[in-house]
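Quick note on the numbering used here: the sequence shown kicks off at 1094 and runs consecutively. Cβ coordinates follow ideal geometry from the N, Cα and C atoms, glycine included. Keep in mind it's a predicted model, so treat the numbers as computed, not measured. Report on one structure; see the data block that follows.
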Amino acid sequence: MVDYRISEIEGIGAVYAAKLRDVGIMTVGGLLEKGKTAKGRRDLSKLSGIDARLILKWVNMSDLFRVSGIGKQYAELLKAAGVDTVKELRNRNPRNLQEKLKETNGSGRQLVRSIPGVKVVEAWVNAAKKMKPEVTH
């Protein structure tokens, strides 16, 4: 996984990024590592003052960043289409998911300029199948 700055996650603006940096979270990978368990998210919530549900949302997006080719915009599109973790992605049919991505992107709010093709989505799904699930509830 390319380790992006924490602010690359949709919804983490300057205020939340500062709160996360104050507790030692600088990168997407760092957030995933510290927040992958329910206890970790509770601890982060207590230390940072950020609601644990919001932390879970960001951790789930961080999980998607592990898949090569998925960054900020595609992670946001996948979440909007109902895929919020690698575990969820691995169980999807690539053709159906690609159609859902098209539908989601075209329903009022354009999240990405171009929808990935079926081969790209298939590569994501196949990569997800090879990955160990990180996020627990």
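{"Query": "Cross-strand partners of R1098 (DSSP beta bridge)", "Result": "T1120"}
{"Query": "Rounded separation between V1205 and V1116 - CA only", "Result": "32 Å"}
{"Query": "Stretch-stretch touch, CB-based, cutoff 8 Å, three pairs: the segment 1137 to 1147 with the segment 1198 to 1215", "Result": "no"}
{"Query": "Terminal residues of the alpha helix (DSSP H) in which G1106 lies", "Result": "Run containing G1106: none; DSSP gives neither H nor E here."}
{"Query": "Anticipated Cβ contact below 8 Å, R1185 with V1179, distance rounded", "Result": "Between V1179 and R1185 the Cβ distance is about 11 Å, and since that is not below 8 Å, they are no contact."}
{"Query": "CB of M1154 within 8 Å of CB of A1168, strictly", "Result": "yes"}
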